[in-house]
Amino acid sequence: MKKIAVVFGTRPEAIKMAPVIRALKASSTLQPVVIATAQHREMLDQVMDVFDIGSDYDLDLMRPDQTLSGITSRLITSLDDVLRDVKPSATLVQGDTTTVLAASLVSFYNHIPVGHVEAGLRTRDLRNPFPEEMNRVVTGRLAKWHFAPTQASAQNLLDEGVSSDTVFMTGNTVIDALLEARRHASKMPCHVADGRRLLLVTTHRRENFGEPLKRICSAVLELLARHDSLDIMFPVHPNPNVSVVVHSLLGNHPRVVLCKPLDYLSFIAAMEAAHIIISDSGGVQEEAPALGKPVLVLRDETERPEAVSSGVAALVGTETARIVESVERLLLDRSEYARMAKGASPYGDGLSAKRIVAILEDSLLGYRSSMNSVPPLARTALQL
Ligand code: UD1
Ligand code: UDP
């Protein structure tokens with residue numbers, strides 16, 4: 001069996017790696033070695049519990065209010081020890097976090113080839129999202145296999161001169177995870193009373209710390225003042241730059257539920273119960289369209305243009321007036337709402353992890369030991 005180091009550290013990486021770990025376990029030639037850096041702690045543990053992922057190594061690296069340099073240096077030192085110990089045939093990383101950058105760099109230093117899951121996302125602005133755009137550009141430079149979720153992300157890599165032999169359009173494993181979890185999420189539904197409408201809010205991006213986050217909270221208060229039928233659910237990211245501001249500005253409103261981060265099944269149930277979602281999250285931008293929920297993205301640009309161009313997501317930035325106006329349009333205009341709530345995801349078909357493992361088997365062994373008939377990614381959007 002060839003060992004594949006699967007490295008992840010934060011909530012979204014674990015959600016999107018869970019299907020890959022499952023597919024590796026089903027392979028008769030490849031074997032996952034699960035390395036949790038725990039760049040996140042409680043939010044990572046929640047995902048590992050839901051997907052029943054056990055770790056072979058848990059580096060327990062999170063510190064309260066950690067700095068980018070602090071977490072990066074701890075990651076590099078610890079991952080170097082682990083990867084020298086494991087000596088894998090390849091390392092798999094997912095997305096654009098500091099864990100991804102460090103694991104790719106340490107693998108490169110140790111001559112271990114890297115497979116990048118969710119490759120090729122770009123805004124072409126190194127400061128936005130910060131530092132994630134830099135993380136994925138550098139990882140893209142170091143990787144041997146690029147598992148691109150969409151045609152546009154594959155094209156971004158080709159435009160940067162990445163060899164087409166190394167770029168594979170697999171779809172995004174987030175849809176594999178969503179389909180798997182949704183089967184169980186229905187067992188714990190989130191109820192909304194008749195006549196009430198739920199607005200689900202999440203935010204955590206560094207670009208939105210400070211004034212933008214305050215403007216987002218002002219928009220929430222303004223919407224509540226104008227619409228009696230509206231309730232807010234806001235699972236608050238534990239980063240103190242987010243939680244302190246959100247609790248101080250929204251904590252006392254009777255129609256706002258501020259809660260700790262929800263486990264994945266409960267969060268899916270909340271998305272299904274929501275009328276509208278407003279969020280700066282990458283993963284939520286991919287999941288909401290699959291669930292037929294309009295998502296207004298609290299950012300000025302996105303590396304996920306597909307949902308915006310197909311009309312199921314909209315970029316609304318962080319100005320209070322624009323957020324209020326965009327939510328109100330959906331609350332008041334039924335045909336506009338129906339247009340955005342089509343329920344079509346351009347991000348995957350649920351077979352992405354199997355494709356990734358089949359490609360690794362081909363490349364590392366010269367043949368596929370299992371799952372040898374994974375169909376190519378369909379071009380049509382998934383309808384749930
Ligand atoms: C990180 C990623 C970001 C990703 C996000 C997903 C980087 C630079 N950022 O941002 O790309 O979109 O995760 O959520 O890699 N904390 C806890 N408990 C937890 C998790 C976080 O208390 O389970 C608090 C800690 O105080 C921690 C802080 O949040 O120091 C920041 O965590 P960090 O991973 O550095 O940044 P995120 O903002 O979570
Ligand atoms: N999520 C969750 N619980 C929550 C909020 C989000 O499980 O309370 C999930 C969500 O469904 C998505 C992922 O976390 O799959 C997104 O993580 P996050 O927004 O932290 O990071 P990003 O995707 O922006 O990197």
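Using full-length UniProt numbering, read the sequence shown as starting at 1 and increasing by one per residue.
Cβ atoms here follow ideal geometry from the backbone N, Cα and C, with glycine treated the same way.
Predicted, not measured: the structure shown is a model, and the values here were computed from it.
Best match in the options for proximity to residue i [C-alpha to C-alpha]
{"i": "His-237", "options": "Asp-231, Gly-366, Ser-229 and Val-246", "result": "Val-246"}
{"i": "Glu-207", "options": "Leu-223, Met-233, Ala-154 and Arg-127", "result": "Arg-127"}
{"i": "Tyr-264", "options": "Arg-299, Met-48 and Arg-22", "result": "Met-48"}
{"i": "Ala-181", "options": "Ile-268, Ser-78 and Leu-250", "result": "Ile-268"}
{"i": "Asn-252", "options": "Pro-261, Leu-221, Arg-74 and His-111", "result": "Leu-221"}
{"i": "Val-138", "options": "Thr-97, Pro-294 and Asp-85", "result": "Thr-97"}
{"i": "Pro-131", "options": "Leu-249, Pro-113, Leu-101 and Ser-163", "result": "Leu-101"}
{"i": "Ser-164", "options": "Val-86, Trp-145, Leu-178 and Asn-172", "result": "Trp-145"}
{"i": "Glu-328", "options": "Leu-296, Pro-305 and Asp-300", "result": "Leu-296"}
{"i": "Ser-266", "options": "Ala-5, His-191, Phe-8 and Leu-250", "result": "His-191"}
{"i": "Glu-286", "options": "Gly-350, Gln-155, Glu-42 and Asp-125", "result": "Gly-350"}
{"i": "Leu-158", "options": "Ala-90, Thr-202, Phe-8 and Ala-119", "result": "Ala-119"}
{"i": "Met-1", "options": "Lys-87, Asp-58 and Ser-73", "result": "Lys-87"}
{"i": "Glu-42", "options": "Thr-67, Ser-28, Thr-29 and Asp-58", "result": "Asp-58"}
{"i": "Val-93", "options": "Lys-342, Met-233, Gly-366 and Thr-173", "result": "Thr-173"}
{"i": "Ser-335", "options": "Pro-294, Pro-64, Glu-361 and Leu-364", "result": "Pro-294"}
{"i": "Val-242", "options": "Glu-211, Thr-10 and His-227", "result": "Glu-211"}
{"i": "Leu-262", "options": "Tyr-337, Gln-66, Lys-25 and Phe-234", "result": "Phe-234"}
Exposure of residue i, with buried meaning 16 or more beta-carbon neighbours within 10 Å
{"i": "Lys-16", "result": "buried"}
{"i": "Cys-259", "result": "exposed"}
{"i": "His-116", "result": "buried"}
{"i": "Ala-307", "result": "buried"}
{"i": "His-40", "result": "buried"}
{"i": "Ala-154", "result": "buried"}
{"i": "Asp-176", "result": "buried"}
{"i": "Leu-68", "result": "exposed"}
{"i": "Glu-303", "result": "buried"}
{"i": "Ala-353", "result": "buried"}
{"i": "Pro-64", "result": "exposed"}
{"i": "Glu-361", "result": "buried"}
Three-state secondary structure assigned by DSSP to residue i
{"i": "Cys-190", "result": "coil"}
{"i": "Pro-235", "result": "strand"}
{"i": "His-275", "result": "coil"}
{"i": "Ala-12", "result": "Residue identity differs from the one stated: residue 12 is Pro in this sequence, not Ala. Three-state DSSP puts Pro-12 in a helix."}
{"i": "Phe-108", "result": "helix"}
{"i": "Tyr-264", "result": "helix"}
{"i": "Tyr-347", "result": "coil"}
{"i": "Pro-305", "result": "helix"}
{"i": "Val-114", "result": "strand"}
{"i": "Pro-254", "result": "coil"}
{"i": "His-146", "result": "strand"}
{"i": "Tyr-367", "result": "coil"}
{"i": "Met-169", "result": "strand"}
{"i": "Pro-88", "result": "coil"}
{"i": "Ile-35", "result": "strand"}
{"i": "Leu-377", "result": "coil"}
{"i": "Leu-298", "result": "coil"}
{"i": "Gln-94", "result": "strand"}
{"i": "Arg-74", "result": "helix"}
{"i": "Arg-196", "result": "coil"}
{"i": "Ala-314", "result": "strand"}
{"i": "Val-6", "result": "strand"}
Cβ-Cβ separation, residue j to residue i (assumed contact under 8 Å), whole Å
{"i": "Ala-270", "j": "Ser-345", "result": "The pair is not a contact, with the Cβ atoms about 18 Å apart (cut-off 8 Å)."}
{"i": "Leu-230", "j": "Leu-223", "result": "6 Å"}
{"i": "Arg-215", "j": "Glu-319", "result": "6 Å"}
{"i": "Thr-202", "j": "Ser-281", "result": "5 Å"}
{"i": "Ala-23", "j": "Val-256", "result": "Rounded, the Cβ-Cβ distance is 40 Å, inconsistent with contact."}
{"i": "Gly-317", "j": "Arg-299", "result": "7 Å"}
{"i": "Tyr-199", "j": "Ile-276", "result": "Correcting the residue identity first, residue 199 is Leu in this sequence and not Tyr. Contact holds; Cβ gap of about 5 Å."}
Chain-ordered list of residues that sit, by beta carbon, closer than 6 Å to a heavy atom of the ligand UDP: Arg-11, Pro-12, Ile-15, Thr-202, His-204, Pro-235, Pro-261, Leu-262, Tyr-264, Phe-267, Ser-281, Gly-282, Gly-283, Val-284 and Glu-287
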